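The numbering of the sequence shown is the working numbering, which starts it at 9 and goes up by one.
A quick write-up on the structure given underneath.
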Amino acid sequence: MSVAIIGGTGVYALGDEARPEHVATPYGDAAIFRLSIAGQEVVFLPRHGTAHATPPHRVNYRANIWALHALGVRDVLATQAVGSMHQLMAPGHFVALTQFIDWTKGRPSTFFDGEDGVVLHVDVTHPYCPRLNARLLRAGEFLGPALHGAGVYACTEGPRFETAAEVRALRQLGADVVGMTSVPEAVLAREAGLCYAAVCIVCNWGAGMTDFPLTHEEVLGIMAEQTANLRELIHQFILAQSSVGCSCESLGFARYLPQGTGALQDV
Ligand code: HPA
């Protein structure tokens, strides 16, 4: 089993899901589905649960990434609903992430809290896997200019949306899009030595960039409109190859990860 899709807001199923399986981890259970996409067995993990019951600041990111590692996953593609601060990245567009700016507060964000005397500092100079990003760009060729090949993601704590001043500040700091979930997910994936890429679906302009208030319904509306494109992108991603190399595994610390059972429990 080498590929996993982490589904964000609006992505609660990818096809012929059977019942969820629960993976026991040192951080609690993670619920996953096994699917076949493009003839390959794929793990699907809906980040917020299938009924969007878990808000971004309460997602059990450590259990999710630990579970994927325990299942033998190597490549992870995550989807993220975002607001845009970049004129060319319009609602309905897709953005492959290359960098993040972390504005989260107090989320458990490492497997290495020092409890076992293991203190490690992971390199995230380039937090998203270049090999998977090359694969993503090839997979998304059918989207034409609606797929942007490089974007800087600002991760805010949520669950509230940003203020207009926060969006102005983030823009000046160099962020292109804003969402609430890629951190610590990308960081934990790197700690576990997984290859991790993220594709954003732009659902709205950032707070203060239009005269309208932001709503979750607006986000879900764009996600629903883009479901067919997103499924096709994922299908093509599973099929795509890349000759680009990466160092994600060697930058990670999988050998020091807390031990657990990784046992699958049918529910
Ligand atoms: N901000 C944060 N998260 C989001 C947004 C936004 O504007 N749109 C969708 N997810």
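Cβ coordinates follow ideal geometry from the N, Cα and C atoms, glycine included.
All values derive from a computational prediction rather than experimental measurement.
7 Å CB neighbourhood of V252 in its chain, flanking five on each side removed: P138, R139 and A142
Burial state of L265, where buried means 16 or more other Cβ atoms lie within 10 Å: buried
Distance, D131 Cα to Q180 Cα: 25 Å
Those residues, in chain order, that have a beta-carbon closer than 7 Å to some heavy atom of ligand 1: T17, A89, V90, G91, T164, G166, F169, E170, V186, G187, M188, C211, N212, G214, A215, L222 and V227
Pick from M93, Q244 and A59 that is closest to V160, judged by C-alpha positions: M93
S44 versus V50: straight-line alpha-carbon distance, rounded: 6 Å
Which residues DSSP lists as bridging V11, in chain order: V50 and D83
One or two residues paired with G91 in a DSSP bridge: V186 and N212
Rounded straight-line distance, which links the Cα of A89 to that of T189: 9 Å
The region 231-249 in contact with the region 113-130 per 3-pair CB rule at 8 Å: no
For T33, the three-state DSSP class (helix, strand or coil): strand
A32 vs G270 beta-carbon contact at 9 Å: yes
Close-in-space but distant-in-sequence residues of the same chain around V191 (CB under 6 Å, 5 per side omitted): F108, D110, T112 and C163
DSSP-derived helix/strand/coil call for L222: coil
Exposed unless 16 or more other CB atoms sit within 10 angstroms - verdict on R55: buried
Spatially closest choice to H134 from I209, E199 and P64, by CA coordinates: E199
Own chain residues within Cβ distance below 8 Å of V81, not counting five before or after: M9, S10, V11, A12, V51 and L202
S117 in three-state terms, based on DSSP: coil
Short Cβ contact (9 Å threshold) for E233 with G100: yes
D110 - partner residues in DSSP beta bridges: C163
Residues of its chain near E165, where Cβ-Cβ distance is below 6 Å and the 5 sequence neighbours each way are ignored: H65, T112 and K113
Through-space distance from R27 to V275, alpha-carbon basis: Residue placement at V275 is poorly supported in this model, since its pLDDT is 49, which falls under 50; the coordinates are not used for a value here.
Distance between G91 and G187 (C-alpha atoms, nearest Å): 7 Å
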